[in-house]
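Report on the structure given below.
There are 2 protein chains.
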Amino acid sequence: MNYCPECGGPVARQVPSGDDRPRDVCTSCHRIHYQNPKLVVGALPEWRDRILLCRRAIAPRADYWTLPAGYLENGETAAEGAQRETREEAGAHVTDLAPFGLFDLPHVNQIYLMFRGRLTSPALAPGPESHAAALFTEAEIPWNRLAFTVIEDTLKCYFADRTRGRFTLHTGRIAPGRWVDRAPP
Amino acid sequence: MNYCPECGGPVARQVPSGDDRPRDVCTSCHRIHYQNPKLVVGALPEWRDRILLCRRAIAPRADYWTLPAGYLENGETAAEGAQRETREEAGAHVTDLAPFGLFDLPHVNQIYLMFRGRLTSPALAPGPESHAAALFTEAEIPWNRLAFTVIEDTLKCYFADRTRGRFTLHTGRIAPGRWVDRAPP
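Chains as they are written, first to last, in the numbering used here: chain A, 6 to 190; chain B, 6 to 190.
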């Protein structure tokens, strides 16, 4: 941040009085502009014994497979955001959403909240951010072509829970960099 | 937002190409400045059969009681944020945090994530944002002097779970305005 979004004055990185960390402070109107983590909401959409995945059409990790997920928008509930992402990325409607995974990614200032849910139809229509959308059995999951660690971890937790017949909330911290040496698809 | 935080140019509210909702777009450098909900993290700190509450020293709802909670900071995990808020507001250390409540407040663009946890000591030292911090049994909870609906709901869920002997993750959408006619403390 270089300029104050309110008054256009120059911004400096300072520790405000009574605070304990540097913030973007306007040197003209003295407003403090806080930066906070973003919440990524997503779905684990089930159709019978299959799971919906989308092949990304955009960076980062274009052409790799992912669960529908994206930034929560103002005015939405978290579950509504996960439904919207599923609609936007796969043209599908997911219902009966239950929190399934809560993952911290502090190195990129993100929290992922993944919901398990049920597709109301197997008909898919990938949107502009997806090259493809498809339903996979456990044996068909493209484990070495998944876009992100958090997606791999979510799917592993899901199939482990499904095998033992009980779903719980999973939490974890996702470390950076696990994908660096992964071969491209 | 009136000015672009990057280049200082004037910002206009526009629906970007390929998007479906208005954003703050710089008319000079054309950057899109997204606004997203904030995550509030908090703790339900237990000491034997008591719960820690803080009496707010700041607006809104000064002098009303609340659980330690506040905006998650960049670089933190959600549980670390809840621990920091407990330290800042009550001078206390809470450990063994488990997700307990996930509440949507879409009318104020917030998601609350509340963790149940255990205090390592009953010694409290309220910080600058608290007039007081104290430990309450269920019978002592000041129900008509609680600061926010989401705090009341979290506590109700907690004592209901404790009574039946099993804690689960609670979710809900908090409606606006339930406090408007509430008498001041």
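Don't be surprised by glycine CBs; every beta carbon is placed ideally from N, CA and C.
These numbers come from a predicted model, not from an experiment.
Residue i: which of the options sits nearest, CA to CA?
| i | options | result |
| --- | --- | --- |
| B/T142 | B/T168, B/T173 and B/A152 | B/T168 |
| A/G106 | A/C31, A/L140 and A/A87 | A/A87 |
| A/S126 | A/C34, A/G170 and A/V99 | A/V99 |
| A/A180 | A/V113, A/P27, A/I63 and A/G47 | A/V113 |
| B/P111 | A/V16, A/E85, A/L129 and A/F164 | A/E85 |
| A/I156 | A/D68, A/G47 and A/Y76 | A/G47 |
| B/Y76 | A/I116, A/V30 and A/L151 | A/I116 |
| B/A67 | B/A17, B/L151, B/I37 and B/R26 | B/L151 |
| B/A138 | B/R28, B/Y69 and B/I37 | B/Y69 |
| B/R89 | A/D25, A/D109, A/I63 and A/E90 | A/D25 |
| B/F153 | B/F108, B/P27, B/D166 and B/G170 | B/F108 |
| B/L4 | B/P27, B/R60 and B/G14 | Chain B is shown from 6 up to 190; residue 4 of chain B falls before or after that span and cannot be answered. |
Do residue j and residue i come within 8 Å of each other at the CB atom, strictly closer than that value?
| i | j | result |
| --- | --- | --- |
| A/T159 | A/L72 | yes |
| B/T176 | A/P65 | no |
| B/V16 | B/T32 | yes |
| B/L129 | A/L174 | no |
| A/V29 | A/H35 | Val is not the amino acid found at residue 29 of chain A; the sequence shown has Asp there. Not closer than 8 Å, so no. |
Could you please give me the residues that DSSP links to residue i through a beta bridge?
| i | result |
| --- | --- |
| B/F108 | B/Y117 and B/G177 |
| B/P225 | Coverage of chain B is limited to positions 6 through 190, which leaves residue 225 of chain B absent and any answer about it impossible. |
| B/D29 | B/R18 and B/H38 |
So is residue i in contact with chain E if we call contact Cβ pairs under 8 Å?
| i | result |
| --- | --- |
| B/E11 | Among the protein chains in the structure shown, which are A and B, there is no chain E. |
Is residue i near the ligand GTP, with its Cβ less than 7 Å from a heavy atom?
| i | result |
| --- | --- |
| B/V99 | The model on display carries no ligand, and the ligand GTP is accordingly not part of it. |
- prompt: Any chance the region 34-46 of chain A sits against the region 62-82 of chain B, with 3 or more Cβ pairs inside 8 Å?
  reply: Yes: the two stretches touch, three or more of their Cβ pairs being nearer than 8 Å.
message: Count Cβ pairs between the region 44-57 of chain B and the region 130-147 of chain B that sit closer than 8 Å; are there 3 or more?
response: Of all C-beta pairs linking the region 44-57 of chain B to the region 130-147 of chain B, three or more are shorter than 8 Å, placing the two stretches in contact.
message: Count Cβ pairs between the region 130-141 of chain A and the region 89-98 of chain A that sit closer than 8 Å; are there 3 or more?
response: Enough Cβ pairs lie closer than 8 Å, so yes.
Contact between the region 45-52 of chain B and the region 118-132 of chain B (3+ Cβ pairs under 8 Å): Cβ pair count under 8 Å is three or more, so yes.
message: Is it the case that the region 10-25 of chain B contacts the region 8-22 of chain A, given that we only count it when at least three CB pairs across the two stretches are under 8 Å?
response: Judged by Cβ distances under 8 Å, the region 8-22 of chain A makes contact with the region 10-25 of chain B, as three or more pairs qualify.
message: Threshold first: 3 residues or longer. Then list the beta strand (DSSP E) segments lying entirely within the region 112-185 of chain A, N to C.
response: Listed in chain order, the beta strand (DSSP E) runs fully inside the region 112-185 of chain A are 115-124, 135-141 and 175-178, counting runs of at least 3 residues.
query: Where are the alpha helix (DSSP H) runs, 4 residues long or more, that stay fully inside the region 40-117 of chain A, in chain order?
result: At a cut-off of 4 residues, the continuous stretches assigned as alpha helix (DSSP H) that sit fully inside the region 40-117 of chain A are 83-95.
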